[in-house]
Amino acid sequence: MSLLTTATFMALACLCFAPAPAVGAAATLSAWRPLRGNHTMVSAQGKFELALFSPAGSSGDRFYLGIWYKKIPGQTIIWVGNRASPLSAVTSAEFRVSADDGNLELVGPAAASTSPVVVWSSNLSFALWPGSNNMAEIHDNDNLVLVDGRNSSNVLWQSFDHPTDTLVPEAWIGENKLTGEYQALTSWRNAQDPAPGIFSETLDPKGASEVFYMWNRSRVYWRTGVWTGQAFAKLPEATKNTIYNGTYVETPAYRRVINVLYDNATITRSVLDPTGQAQMYIWMPTSRSWQLLWTGPMLQCDVYAVCGAFGVCDEGGKLPCHCPPGFVPVTEGDWTLNDWSGGCCRSSPLRCAHNGSRTGGFVMLPDMKLPHDSLTVGVAQSKVECESACLKSCSCQAYAFSAGECIVWYGELRKLQQLYLELEYDSPGSNLYLRLSERGLQDLHSVDREKMGRKLWFVLGIILAGVVAVGASVLLGWRIVRTRRRLVSMANENVSSLAVYSYGDLHAATKDFSERLGRGSFGSVYRGVLNRHKGDNSIRVQVAVKKLESLGRQGDKQFRTEVSTLGCIQHVNLVRLLGFCSSDDDKMLVYAQRLPRRPPLP
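In mature numbering (1 follows the signal peptide of the UniProt record, and there is no 0), the protein residues as written are -25 to -1, 1 to 577.
Laid out in structure tokens, this is it:
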């Protein structure tokens, strides 16, 4: 008996002794015990959960059968059944063992039908019998299994043979040598759509012991290297770590790549991202988050056609992909979900002339890594001759010219990459000339003029702001100097004994001019308290502050005259002038306030 069938038998045999499931959760599935609506199925130790879900961030009108970690927040999806056939509602959905043929099947309303239909099935081709007693359950290693009702050790179908985009420990990718079937990972289309994407991870179909990462199931863009007996030659981090061991196993019946944990309490998962990168994560209980262990390939731009046709991959940009000048995303909505595989198209299509050639011109993309697809190499005496050769062909898309070598492309360019000399992994790039229609060139020049106009107005705005700032600074400086000169002049006009106060001093002394003593034709008088210094001592003196108003054009002259006159008069029967304030439009006189004899202020 194999290890897998033994484990299945033991799990089923112990089913009766498992803890009671939560309300709405089932332990097993059968023809007479289906999973309906929002009910779930949970593994024996509560590690994994199976139910219907709607992808996070989606519109909520598409539902899929999935498995995820029950005890980890965030619903990290590991396996999806009906990837390409979502349900449109949950309430009438049912996951069950078919009473007709014993297959697992998901039944419910699909997008094209309001009545229940079978949207997914285990689709076993060998003969089963009506009224079958087949049963299904989830093991605590994430494996969903369908076992023979007559012999529970006979596994008829298991999700490990049909992975989606994620591998957990004990799961595998590989080949069944007996049936010729491959177990491969296929990326989600994007973060909100689990439909099969354009990238896949599989064993070398020619039999070598290495893993291929493929675009469109046809072109290898990265590989792990062959198994050396201890590690994959180009991916030593998969074995040389203290967390898990990535192992290649081959028998007469199968060949597989399996990750085995050193500590079963550790939680890891390997994911093929929608952008084509393989990523290994470990769950960190302390921070309650997934931590990335390694990524392959390390650079996003090493993934073939990650930006689609005519998309430019840019490791130095805010996003890995952008469209070249004169091009727009084919599907704008996909780009917002970081799904760039649809690529770019010209904003104005190319048109052929009557003689079979195309009109238009070219836009230069500097420092580019030239793609190897659809190219033809020829000899040309000059760049003009190379450009002319491209213009003569209706199907020519782009050209490059260097040292007498003319390279032209006649099909879609799927691996355009921007290079940077300052990045250590980049080498000097080439100028690539991408073809545009006449209308496309006109639109591009119009956009360039608009950008130049905006830059010009921006520069002019900065210059104008600078001029205004300098002018304001000069004016402020001039007013300060003028005020200082006026105060010095007033203080020298026989009033050297007068104090010069600032507006702030008197504003504080009068408590914001809160207590008015009286009002006359030229202003109001307010009570205040000032600190006056005599030697090393400081005393508080009650004062009357006269705030002058309505002085008119000759106000400054009249104010200076009054200060000069009063400052020179000293008489026992007159109120003595202590000082003054002349701050822009604020003119104030400070008098010693005459009080009846009483104890000095504290």
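Each residue gets a CB set at the ideal place from its N, CA and C atoms; glycine is no exception.
Being a predicted model, the structure only gives us computed values, none of them experimental.
When C-beta atoms of the stretch 151 to 167 are compared with those of the stretch 4 to 19, fewer than three pairs fall below 8 Å, so the two segments do not count as touching. Here Gln392 is buried. Its C-beta has 16 or more other C-beta atoms within 10 Å. In this structure, Leu4 sits away from Ala170, with a CB-CB distance that is not shorter than 7 Å. For Asp248, there is no enclosing beta strand (DSSP E), as DSSP marks it with neither H nor E.
Between the beta-carbon of Ala375 and that of Tyr408 there is about 7 Å, and that keeps the pair under the 8 Å contact cut. Nearest Cα to Asp560 within the set Glu225, Glu537 and Glu524: Glu524.
Cβ-Cβ distances below 6 Å link Phe488 to Tyr501 in the same chain, with the five nearest sequence neighbours on each side left out; the list follows chain order. CA-CA distance, Trp132 to Ala74, rounds to 16 Å. When secondary structure is reduced to three states using DSSP, Ala447 falls in the helix class. Residue environment analysis places Leu294 among the exposed positions, since fewer than 16 neighbouring C-beta atoms fall within 10 angstroms of its C-beta. Counting only residues of its own chain and dropping the five nearest sequence neighbours on each side, Pro61 has a CB closer than 8 Å to the CB of Arg37, Phe38, Tyr39, Ala85, Ala86 and Val94.
A distance below 6 Å between beta-carbons, with the five flanking residues on each side excluded, links Arg8 to no residue of its chain. Nearest in C-alpha terms to Arg198, of all of Asn191, Glu176, Leu312 and Gln205, is Glu176. Annotated three-state conformation of His347 is coil, per DSSP.
With respect to Val338, Pro300 sits close: the two C-beta atoms are nearer than 7 Å. Distance between Val122 and Lys181, taken at the CA atoms: about 32 Å. Ranking Leu236, Gly200 and Pro249 by CA distance to the CA of Leu160 puts Pro249 first. Here DSSP, grouped into helix, strand and coil, assigns Pro403 to coil.
Its chain contains Val354, Ala355 and Gln356 as the residues whose beta carbon lies nearer than 8 Å to that of Gly379, once the 5 sequence neighbours on both sides are disregarded; these appear in chain order. Every alpha helix (DSSP H) stretch that sits fully inside the stretch 302 to 384 and reaches 4 residues is listed by chain position as 307 to 311 and 358 to 366. Counted as a single uninterrupted DSSP element, the stretch harbouring Asp179 is not any alpha helix (DSSP H), since DSSP gives it neither H nor E.
Of the candidates Asp289, Lys562, Phe285 and Thr270, Asp289 places its Cα closest to the Cα of Cys276.
If you ignore the 5 residues before and after Cys282, its C-beta comes within less than 6 Å of the C-beta of Cys288, Cys296 and Trp315, all in its own chain and listed in chain order. The shortest CA-to-CA distance from Arg551 to any of Gln517, Lys486 and Ala2 is the one to Gln517. Here Thr141 carries a strand assignment [DSSP, helix/strand/coil]. Assigned with DSSP and collapsed to three states, Gly498 falls in strand. Looking from the CA of Val383, the closest CA among Cys361, Pro403 and Val443 belongs to Cys361. Straight-line spacing of the CA atoms in Val235 and Gly124 works out to 31 Å. Secondary structure of Cys298 (DSSP, three-state): coil.
In this chain, Asp561 is not harboured by any alpha helix (DSSP H); it is covered by the beta strand (DSSP E) spanning Asp561 to Ala567. Between Arg507 and Ser499, the alpha-carbon positions lie close to 23 Å from each other. Take Gln167, set aside five residues on each side of it, and the residues of its chain with a beta-carbon closer than 8 Å to its own are Pro30, Ala31, Gly32, Ser33 and Leu312, in chain order. Ser96 and Leu81 have their C-alpha atoms roughly 6 Å apart.
Distance from the CA atom of Glu307 to the CA atom of Ser377, rounded to whole angstroms, is 35 Å. Apart from the 5 residues on each side of it in sequence, Leu210 sits with its Cβ closer than 6 Å to the Cβ of Thr199 in its chain, given in chain order.
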